[in-house]
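Engineer: Structure provided below as structure tokens; questions to follow.
In the working numbering, the protein residues as written are 75 to 345.
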């Protein structure tokens, strides 16, 4: 099937605007966008429940104070909706999604609209690399109701949940994003992300040795990052495809000294 045929199929699969969305509509939308832009989507279906559980571990072991959470690469919102249900009054959730169709889906999400009124919600329809530039240009725009695209403030986050398909990017892009995550995390803040199992061999067989080498270079970079900041990993077999989630913690203050963990905070672990 040619790229043009894939784009036509994607247009056919995208559901018409209606509310409420169901899981079936979300899967169709996700599949359509995967066919349209697989490099940015990175999968053919949203994350399953077990993988979502692994990615939100830092919120289940949160400190006894309001927290700020950043989700990057929200897709159709399976993790976003879980976070919205878990967060408490005074917490803030900032969702970053570059795909305009996914961002539109999130803006119309009934679960997000029905969250506790004390939970702040903000949606940025852009790449995470654009956030610092937006903050310098536009300043803060906190959304107390329906999330809207807006300029953002520069802030530090207690938790970052990343759904980006790192192995679809270049090593330079991945390094820039990881460095940005470290700058955005508060001292002691935690990051989760995931990767699918068996993709290195599959990438080499399907896409050739050059892309396979790029894929392996990204994996080496991620392993270095995990060696420096990792707390653990969890293999999620009940996912399509099976995946491995990673939990990391920022241990540096802006001045380079070790960060301090809140005394009342339970340590996040993958068990």
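Positions of the beta carbon are idealized from the N, C-alpha and C atoms, including for glycine.
When we look at the beta-carbon of residue 173 and count the other beta-carbons within 10 Å, is it buried (16 or more) or exposed?
Structural biologist: Classification of residue 173: buried, given that the 10 Å Cβ count is 16 or more.
Engineer: Under 8 angstroms by Cβ, that's how I've got residue 153 and residue 126 pegged, so tell me the actual separation to the nearest angstrom.
Structural biologist: Right, the Cβ-Cβ distance comes to about 5 angstroms (below 8 angstroms), so this counts as a contact.
Engineer: Sorted by chain position, which residues of the same chain lie with C-beta nearer than 6 angstroms to residue 353's C-beta, five sequence neighbours on each side aside?
Structural biologist: The question about residue 353 has no answer here: the residues shown for the chain are numbered 75 through 345.
Engineer: Is the stretch 181 to 192 touching the stretch 234 to 243, taking contact as three or more C-beta pairs under 8 angstroms?
Structural biologist: Because the criterion of three Cβ pairs below 8 angstroms is not met, the stretch 181 to 192 and the stretch 234 to 243 do not touch.
Engineer: Quick check on the burial criterion: 16 or more other C-beta atoms within 10 angstroms. Buried or exposed for residue 212?
Structural biologist: With a pLDDT of 42 at residue 212, under the threshold of 50, the predicted position of this residue should be treated as unreliable, and no value is reported.
Engineer: In its own chain, which residues sit with a C-beta less than 6 angstroms from the C-beta of residue 59, not counting the 5 before and 5 after it?
Structural biologist: This structure leaves residue 59 out entirely; the chain is present only between 75 and 345.
Engineer: Within its chain, find whatever has a CB closer than 7 angstroms to the CB of residue 254; leave out the 5 residues flanking it on each side and keep chain order.
Structural biologist: Contacts found: 202, 203.
Engineer: Ignoring anything shorter than 4 residues or poking outside the stretch 277 to 313, list the alpha helix (DSSP H) runs there in chain order.
Structural biologist: Fully enclosed alpha helix (DSSP H) runs of 4 or longer: 283 to 303.
Engineer: Whose C-alpha, out of 312, 230, 147, is nearest the C-alpha of residue 200?
Structural biologist: Here the closest residue by C-alpha is 147.
Engineer: Please classify residue 132: is it buried, with 16 or more other beta-carbons within 10 angstroms of its beta-carbon, or exposed?
Structural biologist: With 16 or more other Cβ atoms within 10 Å, it is buried.
Engineer: What residues are listed by DSSP as bridge partners for residue 231?
Structural biologist: 259, per the DSSP bridge assignment.
Engineer: Could you pull the DSSP bridge partners for residue 319 from this structure?
Structural biologist: Answer is 268, 308, bridged to residue 319.
Engineer: In chain order, what are the residue ranges of uninterrupted alpha helix (DSSP H) at least 4 long that sit wholly in the stretch 111 to 179?
Structural biologist: For the stretch 111 to 179, whole alpha helix (DSSP H) runs of length 4 or above, ordered along the chain, are 112 to 115, 123 to 129, 131 to 134, 152 to 160.
Engineer: Once DSSP output is grouped into helix, strand and coil, what is the label at residue 244?
Structural biologist: Residue state, collapsed to three classes: coil.
Engineer: Leaving out five residues on either side along the sequence, give the residues of the same chain with a beta carbon under 8 angstroms from the beta carbon of residue 161.
Structural biologist: Excluding positions up to five away in sequence, the list reads 133, 141, 143, 167, 189, 190, 193.
Engineer: Taking only the alpha-carbon atoms, compute the straight-line gap between residue 325 and residue 136 and give it to the nearest angstrom.
Structural biologist: Between residue 325 and residue 136, the C-alpha separation is close to 16 angstroms.
Engineer: Determine whether the beta carbon atoms of residue 292 and residue 243 lie at a separation below 8 angstroms.
Structural biologist: Contact: yes.
Engineer: Residues in the same chain with beta-carbon distance under 6 angstroms from residue 121, minus the five sequence neighbours each way, listed in chain order, please.
Structural biologist: Excluding residues within five positions, the ones whose Cβ falls inside 6 angstroms are 152.
Engineer: So the candidates are 322, 317, 321; which of them puts its Cα closest to the Cα of residue 239?
Structural biologist: Looking at the Cα atoms, 317 is the closest of the given residues.
Engineer: Of the residues 266, 245, 262, which one's Cα is nearest the Cα of residue 308?
Structural biologist: It is 266.
Engineer: Are the beta-carbon atoms of residue 177 and residue 195 separated by less than 8 angstroms?
Structural biologist: No, Cβ-Cβ distance for residue 177 and residue 195 is not below 8 angstroms.
Engineer: Have a look at the DSSP bridge pairing and note the partners of residue 197.
Structural biologist: Its beta-bridge partners are 169.
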